[in-house]
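In this text, residue positions in the sequence shown follow my numbering: the first is 46, and each later residue adds one. We treat Cβ as the ideally placed atom computed from N, Cα and C, and that holds for glycine. Given the structure is predicted, the values throughout are model-derived calculations rather than measurements. Here the structure is laid out as structure tokens; the discussion comes afterwards.
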Amino acid sequence: MMTSSPVTGWRAAGRTKDQREVAMNFNSVMIGSEDPKRLVDYYTKILGKPAMSEGGYDGWQIGSGWITIGPHDEVKGKNPTPGRLILNIESEDVKGDFEKFRAAGAKVVREPYNVGEESPYWIATFADPDDNYFQLMSPM
46 MMTSSPVTGW RAAGRTKDQR EVAMNFNSVM IGSEDPKRLV DYYTKILGKP AMSEGGYDGW
106 QIGSGWITIG PHDEVKGKNP TPGRLILNIE SEDVKGDFEK FRAAGAKVVR EPYNVGEESP
166 YWIATFADPD DNYFQLMSPM
């Protein structure tokens, strides 16, 4: 039998209906930067005007989640390991949105590619000025 996991809401084997479930929702990622204005300017070119701007923080709602950018005193310079955490943005048209992002000035890390032989899923990878990676992905 499959039921929802108490933490993530994902389906998990081995859980019974009477086990207590905790409702949680992953709602945002905050990108800290030594130069948040530079990142905000970059993402504004790609994603449009931020939906939220308050107290030095700017954010864009994508689907049900948010990408927020703000200052962080523990962040200095560029991300030394950009592939460690990658933001994934679901797109029904990875190739078309890739061209829009590139035309808006997105730094291309990898052009759209198929994730497997004869797979209908596509991924394209970009980097922001702090070397944080983000991707366009086909819905899975």
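Burial state of residue i, where buried means 16 or more other Cβ atoms lie within 10 Å
i	result
P165	exposed
P95	buried
P125	exposed
V35	What the structure shows of the chain is the stretch from 46 to 185, and residue 35 is not part of that stretch, so it cannot be assessed.
Y88	buried
Y178	buried
V153	exposed
Which residues DSSP lists as bridging residue i, in chain order
i	result
G104	M97 and T113
L181	I134 and A169
Y158	I168
M75	T113
K152	A172
CA-to-CA distance, residue j to residue i, given in whole angstroms
i	j	result
S109	N72	7 Å
I107	P184	14 Å
A149	E163	30 Å
L92	W105	8 Å
D103	L130	20 Å
W167	D138	9 Å
A169	F143	7 Å
heavy atom of the ligand ADP below 7 Å from residue i C-beta
i	result
E99	In the structure on display, the ligand ADP does not appear, and there are no ligands present to speak of.
Boundaries of the alpha helix (DSSP H) in which residue i is found, first to last residue
i	result
F146	V139 to A148
P81	P81 to L92
Own chain residues within Cβ distance below 8 Å of residue i, not counting five before or after
i	result
V52	At V52 the pLDDT is 46, less than 50, meaning the model places this residue with poor confidence; the figure from the coordinates comes in the next sentence. Hits under 8 Å: V67 and M69.
Beta-carbon proximity list for residue i, same chain, < 7 Å, skipping 5 on both sides
i	result
M97	D103 and G104
L84	I76, S78, I114, D173, P174 and D175
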